[in-house]
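Novice: Please see the structure below; I have some questions.
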Amino acid sequence: MASDTESPPPKLELVFIPFLASGHMIPMVDMARLFASHGVAVTIITTTHNSLIFKNAIDRDIKSGKPIKLHVLPFPFAEVGLPEGLEKMNSVTSQGQKQKLYQATMLLKKPIQQMLLDHIPDCIVSDMFYPWTVDFAAELGIPRIVFQGSSYFALCAQYSMRHYAPCENVTSDMELFVVPGLPDRVELTRLQVPDHDRTKNELTAILDVIREAELRSFGVLMNSFYELEPSYVNHFRNVIGIKTWNIGPVSLCLSTNDKYERGHNSVVDPHECLSWLDSMKPNSVLYVSFGSQHKFPPPQLYEIATALEASNHPFIWVIHNEETIDGGDEAWLPNGFKSRVNGMIIRGWAPQVLILEHVAIGGFMTHCGWNSILESVTAGVPLIAWPLYAEQFYNEKLVTQVAKIGVGVGAEKWLNLLEDDGKVVVKKKKIEKAVIRLMDGGDEAKEIRERTKELGRKAMKVVEVGGSSYNDLISLIGELVLLRESRIN
Ligand code: UDP
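This is the structure we're talking about:
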């Protein structure tokens with residue numbers, strides 16, 4: 000029988016290893032913090048400059064007694080020939096830099112392994128881009144869980160494309176084909192399919208290694224929730240056969256302070272932004288942002304500007320092009336644009352979750368990055384889907400054809416980030432039409448808005464005690480505790 004003086008059992012210890020890109024680090028750090036709020040001892044491994052992004056939030060957690068810490072490694076700039084401070088994928092400006100950064104992440108393998116050997120945790124939660132962690136975890140005798148930063152829908156579509164190779168049976172790039180084996184009828188064209196899913200290339204080989212490591216992992220941790228894509232959660236678990244836990248939307252665990260500085264310090268005063276929104280009618284403002292990495296060329300920015308003006312709805316437009324910030328070069332804006340429109344342009348990092356949660360926001364024109372979609376759904380904000388690269392065209396189909404929580408802008412071609420960046424991909428007329436379709440309040444728009452709001456209400460419930468994501472988190476912690484006990488015994 001346990002005596003009163005017996006010390007409590009040691010905390011379950013998890014090490015999180017996020018990939019060095021905002022779209023991966025942001026949800027993984029949120030996840031780590033979520034585990035810590037349930038009493039799990041958590042260490043997040045990151046590099047010097049990246050650690051600064053999360054330091055304040057982690058310090059707040061530590062102050063409030065949560066068992067969480069950062070383990071900071073120096074980034075190997077000199078070894079790969081990158082300028083000091085360039086430590087994440089969002090900051091690269093060429094394919095050469097992208098490769099060097101990837102190479103640098105591989106060089107982190109040794110110090111990470113050493114850190115894990117010095118103190119073996121109960122489980123490694125690794126980004127998918129570190130497939131080596133599966134063998135290393137096996138050597139240490141501990142489970143490896145893989146973090147997948149996309150939707151179930153995209154994972155199922157990718158699996159289908161690779162398994163059935165439907166692109167080989169179409170005769171033209173623009174011919175619609177049905178993605179085989181999915182729970183719903185979903186149509187794509189060959190042009191919308193990522194290069195590496197269309198034909199085998201270098202990335203296909205990397206993804207094969209990632210998939211193989213995923214199959215040998217203890218399971219997959221997802222920032223999603225069952226009610227958002229139930230058929231695809233079931234398909235992934237039961238047909239593709241991979242064990243998963245949904246613990247999202249992880250952005251729901253953030254405090255207001257967290258939201259001000261999540262992922263980066265915001266370039267606008269959040270209070271100024273929110274008080275401008277306070278002066279707008281509910282559901283009247285369109286939020287336009289294309290994630291943490293993409294920079295449209297000036298002619299495409301011009302098309303967006305003219306479409307926003309013509310559609311005549313208030314907007315917040317986030318633009319990450321640095322050259323337009325310091326140089327003050329706004330040649331891409333039509334003459335007198337700023338004085339005619341009722342809009343706010345944020346040139347740099349925006350407090351996205353805070354903005355989306357404001358009652359004045361009525362639509363989100365997005366590149367369909369998974370975090371952005373999920374954050375929008377969580378806030379009950381319908382989408383204008385403008386997919387660009389990565390798995391975004393698959394996500395677009397979830398938005399427009401399956402969940403029916405948005406309209407498409409009419410993007411036709413999957414882009415290679417940093418290679419296809421100079422082109423206009425969608426013209427003013429199409430952009431304007433999509434904005435009017437969602438924001439003008441017709442019957443279709445009302446139905447889409449109501450569906451999205453309903454999902455937003457469900458999102459709030461799933462993270463509460465007894466909700467589906469809450470239950471998955473508790474059951475995963477329970478499984479890991481049992482595994483640790485059987486290892487110790
Ligand atoms: N984000 C933000 N402010 C910005 C741009 C992006 O807060 O100005 C956040 C956004 O809320 C999301 C993440 O960065 O959590 C972007 O992830 P997503 O999957 O949408 O796209 P990616 O940047 O990975 O392409």
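Everything in the sequence shown is counted per numbering that gives the first Met the number 0, starting at 0 for the first residue and increasing by one. Using N, Cα and C, we set each Cβ at its ideal position, and we do this for glycine too. In this text, all values refer to a predicted model and were calculated from it rather than measured experimentally.
State the Cα-Cα distance for the pair K97 and N89, rounded to the nearest angstrom.
Specialist: Here the question's residue 97 lines up with position 98 in the sequence shown. Here the question's residue 89 lines up with position 90 in the sequence shown. Those two C-alpha atoms are separated by around 9 Å.
Novice: Taking 8 Å as the cut-off, is the C-beta of V248 nearer than that to any heavy atom in the ligand UDP?
Specialist: One-based indexing of the sequence shown puts residue 248 at position 249. With the sequence shown as reference, residue 248 is identified as Pro, and Val is not the correct amino acid for it. No, the ligand UDP has no heavy atom inside 8 Å of this Cβ.
Novice: Quick one: what's got a C-beta closer than 8 Å to E418's C-beta in the same chain, skipping five residues either side?
Specialist: For the purposes of this step, residue 418 is taken as the residue at position 419 of the sequence shown. If we look at E418 and ignore the five residues flanking it on each side, its Cβ neighbours are Q94.
Novice: Any idea what DSSP makes of A349, helix, strand or coil?
Specialist: Translated into the one-based positions of the sequence shown, residue 349 becomes position 350. Note: A349 maps to coil in three-state DSSP.
Novice: For E271, is the beta carbon positioned less than 8 Å from some heavy atom of the ligand UDP?
Specialist: By 1-based counting over the sequence shown, the position of residue 271 is 272. No - the ligand UDP has no heavy atom lying nearer than 8 Å to the Cβ of E271.
Novice: Give a yes or no on contact between the segment 171-191 and the segment 403-412, applying the rule of three or more CB pairs nearer than 8 Å.
Specialist: Contact between the segment 171-191 and the segment 403-412 is present, because at least three Cβ pairs lie under 8 Å.
Novice: Have a look at the DSSP bridge pairing and note the partners of E122.
Specialist: Numbered from 1 along the sequence shown, position 123 holds the residue referred to as residue 122. Note on identity: in this sequence residue 122 is Cys, with Glu being the wrong assignment. Looking at the DSSP assignment, C122 forms a beta bridge with L13.
Novice: Considering only the beta carbon of each residue, do N470 and E260 sit closer than 9 Å?
Specialist: Numbered from its first residue, the sequence shown carries residue 470 at position 471. Numbered from its first residue, the sequence shown carries residue 260 at position 261. Result no, Cβ atoms of N470 and E260 do not sit closer than 9 Å.
Novice: In this structure, how does DSSP classify L81 when only helix, strand and coil are distinguished?
Specialist: Here residue 81 is taken as the residue at index 82 of the sequence shown, counted from 1. Coil at L81, not helix or strand.
Novice: Using a strict less-than 6 Å threshold between each residue's beta carbon and the heavy atoms of the ligand UDP, what residues do you get?
Specialist: Working through the chain, the matches are S21, G22, I25, R261, G262, S288, G290, S291, Q292, V317, W348, A349, Q351, V352, G368, W369, N370, S371 and E374.
Novice: For Q147, write down the residues that DSSP places opposite it in a beta bridge.
Specialist: Numbered from 1 along the sequence shown, position 148 holds the residue referred to as residue 147. Paired residue(s): M221.
Novice: Within the same chain, show all residues whose beta-carbon is closer than 7 Å to that of L202, passing over the 5 residues directly before and after it, in chain order.
Specialist: Residue numbering aside, residue 202 sits at position 203 when the sequence shown is read from its first letter. Only H195 meet the Cβ criterion.
Novice: In whole angstroms, give me the CA-to-CA distance for K460 and E78.
Specialist: In the sequence shown, counting from the first residue as 1, residue 460 sits at position 461. In the sequence shown, counting from the first residue as 1, residue 78 sits at position 79. Roughly 48 Å separates the two Cα atoms.
Novice: To the nearest angstrom, how far is it from the Cα of L115 to the Cα of S288?
Specialist: To locate residue 115, count along the sequence shown from 1; it is residue 116. To locate residue 288, count along the sequence shown from 1; it is residue 289. Answer to the nearest angstrom: the Cα atoms are 38 Å apart.
Novice: Tell me whether S278 sits in a helix, a strand or coil according to DSSP, three-state version.
Specialist: Taking the sequence shown and counting its residues from 1, one reaches residue 278 at position 279. Looking at S278 - three-state DSSP - the assignment turns out to be coil, as it is neither helix nor strand.
Novice: With 16 as the cutoff for other CB atoms within 10 Å, does D325 come out buried or exposed?
Specialist: As a position in the sequence shown, residue 325 is number 326, starting the count at 1. Caution applies to D325, whose pLDDT of 44 falls short of 50 and renders its modelled position unreliable; the model cannot decide the point.
Novice: Using 10 angstroms around the beta-carbon of G421, count the other beta-carbons present and answer buried if the total reaches 16, otherwise exposed.
Specialist: Along the sequence shown, read from residue 1 onward, the residue named residue 421 stands at position 422. Flag for G421 reads exposed.
Novice: Is R215 close to chain C? Criterion is C-beta to C-beta, closer than 9 Å.
Specialist: Here there is only one protein chain, and chain C is not present.
Novice: Taking only the alpha-carbon atoms, compute the straight-line gap between A359 and G440 and give it to the nearest angstrom.
Specialist: For this step, residue 359 is matched to residue 360 along the sequence shown. For this step, residue 440 is matched to residue 441 along the sequence shown. About 14 Å.
Novice: Distance check for S371 and M221, CA to CA, integer angstroms please.
Specialist: Looking up residue 221 in the sequence shown gives position 222. Looking up residue 371 in the sequence shown gives position 372. C-alpha separation (whole angstroms): 15 Å.
Novice: Can you list, in chain order, the residues of its chain whose CB lies under 6 Å from that of V462, leaving out five sequence neighbours each side?
Specialist: Taking the first residue of the sequence shown as 1, we reach residue 462 at position 463. So the qualifying residues of the chain are L251, S468 and Y469.
Novice: Determine the direct distance from the alpha carbon of A103 to that of L72, and round the result to whole angstroms.
Specialist: Residue 72 sits at position 73 when you count from the first residue of the sequence shown. Residue 103 sits at position 104 when you count from the first residue of the sequence shown. Near 12 Å, if we compare the C-alpha coordinates of A103 and L72.
Novice: By Cβ distance, which residues of its chain are closer than 6 Å to V340, with the 5 residues on each side in sequence left out?
Specialist: Here residue 340 corresponds to residue number 341 of the sequence shown, with the count starting at 1. Cβ within range, chain order: E308.
Novice: Would you list the one or two residues that DSSP bridges to L285?
Specialist: The residue labelled residue 285 in the question sits at position 286 within the sequence shown. Answer is F314 and G362, bridged to L285.
Novice: Suppose only complete runs of 4+ residues qualify. What are the alpha helix (DSSP H) ranges in the segment 95-141, listed by chain order?
Specialist: 108-117 and 132-139, all fully within the segment 95-141.
Novice: From what residue to what residue does the beta strand (DSSP E) around T188 run?
Specialist: Along the sequence shown, one-based indexing puts residue 188 at 189. Counting along the chain, the beta strand (DSSP E) containing T188 begins and ends at E186 to T188.
Novice: For the candidate residues D183, P130, Q157 and E226, whose alpha-carbon lies nearest to that of T198?
Specialist: If you number the sequence shown from 1, residue 198 lands on position 199. For T198, the nearest C-alpha among the options comes from Q157.
Novice: By Cβ distance, which residues of its chain are closer than 7 Å to G80, with the 5 residues on each side in sequence left out?
Specialist: For the purposes of this step, residue 80 is identified with residue 81 of the sequence shown, where counting begins at 1. Once the five neighbours on either side are set aside, the close Cβ partners of G80 are K99.
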